[in-house]
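The sequence shown lines up with residues 206 to 516 when you count with this note's numbering.
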Amino acid sequence: MTLRHPTGKEALWCAASLALWLAVTALFIGFRPEHVVMAVLIFALFFVSGITRRVVIALIPFFVFGISYDWMNIVPNYEVNPVDTEGLYNTEKSLFGITVAEGMRLTPNEFFALHHCTAMDFMAGIFYLCWVPLPIVFGLCLYFAGHTRQYLHFALVFLLVNLLGFAIYYIHPAAPPWYVAMHGFEAVPGTPGEVAGLGRFDQMTGLGIFNGLYARNSNVFAAMPSLHSAYTLVALIYAVRGRSPLGWRIVLAVVTLGIWFTAVYSNHHYICDVLAGIATAFAGFMLFEYGLMKIPAFSRFIGRYTACITR
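Here is the structure:
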């Protein structure tokens, strides 16, 4: 491994960026153990060698995604616009409602709350555990296989899709179906997160994974679009576009369909949310590839970024 110390400018940028992130987080959100771990890890990798430094720079889109998600807690979306609870519920029932034998019309979420089985509960948990890890693993495989430009396009579109989704959360805060089932149509700020149907996976495995994840969800009014439904779709788009190995395309296609189903089956999203997530994924892809990349200055920036992280 070739050792090369970062230049003074590189070291200053790294230290200043980490200091800004930690300062804002400490001031407005509060430290958690993972903040310190991530800061120390990034700082160490940046200075170990040229190779690890390029990896850190390559992963910046994912770091920005995580930080921006965390920083949404600074100003919750329900303080910006009214929360849609009843309107979205009625739209879902109108478009996709299921009429049961008694003549009552149920949303698909309400139907699955009454009709579920152990096998689907288990697979639902497996699919939902893939929503972020699988796209990141896919991206790292692209990067370490030498497909640097394809990786960078995927990583930046992944980030752009998140930013688009976060913007919509503020424009149109929306309650998930489990919230309506538990609390009705009144939006109560600070309502804790809920595992909903994914709790059945925790119960059968005894792992408590989703309880741990959703216990930290301080803003539950971010259901539309379903970004769970977008992440692996973005990876699938680039797997198909870049002609990745067939195994990757099959895995991503199966998991993507599984996540779409699980989002509704587990009572975390309406079908409307899933469709909005799919639309957001394609919007981010089209905006980046056929909008931003047509701007000469932006295209040159991507070329420099690609050269900077090429191993």
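Every residue, glycine too, gets a C-beta built ideally from N, C-alpha and C.
| Item | Value |
| --- | --- |
| Who are the Cβ neighbours of residue 165 in its own chain at under 6 Å, not counting the five residues just before and after it? | Any answer about residue 165 is impossible in this case: the structure gives the chain only from 206 up to 516. |
| Run the proximity test for residue 330: is its beta-carbon closer than 6 Å to any non-hydrogen atom belonging to the ligand MG? | Absence of the ligand MG from the depicted structure is noted, as is the absence of any ligand whatsoever, leaving it without description. |
| Might you give, ordered along the chain, the residues of its own chain that have their beta carbon closer than 8 Å to the beta carbon of residue 432, omitting 5 neighbours on each side? | 366, 367, 370, 482, 485 |
| With a threshold of 16 other CB atoms inside 10 Å of the CB of residue 373, please say whether the residue is buried or exposed. | buried |
| Scan the region 454–515 and note each continuous alpha helix (DSSP H) run of 4 residues or more that stays entirely inside, going in chain order. | 476–495, 501–514 |
| Identify every run of the alpha helix (DSSP H) within the region 409–455, keeping only runs that are complete inside it and at least 4 residues long; order them along the chain. | 414–419, 433–446 |
| Which residue's Cα is closest to the Cα of residue 328: 510, 402, 498, 445? | 402 |
| Between the Cα of residue 332 and the Cα atoms of 491, 504, 495, 464, which residue gives the shortest distance? | 464 |
| Alpha helix (DSSP H) containing residue 366: first to last residue? | 353–376 |
| Would you call the CB atoms of residue 293 and residue 221 closer than 7 Å? | no |
| Give every residue of the same chain whose Cβ lies closer than 8 Å to the Cβ of residue 207, excluding the five residues on either side of it in the sequence, and list them in chain order. | Residue confidence for residue 207 is low, a pLDDT of 44 falling below 50, so the modelled location carries little weight; the figure read from the coordinates is stated next. Cβ neighbours of residue 207 beyond the five flanking positions: 254, 255, 256. |
| Based on DSSP bridge pairs, tell me the residues matched to residue 304. | 310 |
| Take residue 479 and list the residues in its own chain whose beta-carbon comes closer than 7 Å to its own, dropping the five residues that flank it on each side. | 431, 434, 465, 468, 469 |
| Classify residue 379 as helix, strand or coil using the three-state DSSP reduction. | strand |
| Under 8 Å, with one C-beta from each stretch per pair, do the region 439–452 and the region 386–395 reach the 3-pair mark? | no |
| Quick one, are the C-beta atoms of residue 517 and residue 493 less than 7 Å apart? | There is simply no residue 517 to check, as the chain begins at 206 and stops at 516 in what is shown. |
| Nearest to residue 512 by alpha carbon, out of 260, 214, 233, 252? | 260 |
| Measuring straight from C-alpha to C-alpha, what distance separates residue 281 and residue 288? | 11 Å |
| Tell me the DSSP bridge mates of residue 289? | 379 |
| Taking 7 Å as the cut-off, decide whether the C-beta atoms of residue 416 and residue 400 are in contact. | yes |
| Could you tell me whether the Cβ atoms of residue 472 and residue 383 are closer together than 7 Å? | yes |
| The alpha helix (DSSP H) with residue 323 in it runs from where to where? | 323–334 |
| Are there 16 or more other CB atoms within 10 angstroms of the CB of residue 242, so buried, or fewer, so exposed? | exposed |
| Considering only C-alpha positions, which residue in the set 349, 355, 230 is nearest to residue 279? | 230 |
| By the 10 Å Cβ neighbour count, where 16 or more other Cβ atoms means buried, how is residue 450 classified, buried or exposed? | exposed |
| Determine, using beta carbons only, whether residue 503 and residue 364 come nearer to each other than 7 Å. | no |
| In whole angstroms, give me the CA-to-CA distance for residue 223 and residue 239. | 14 Å |
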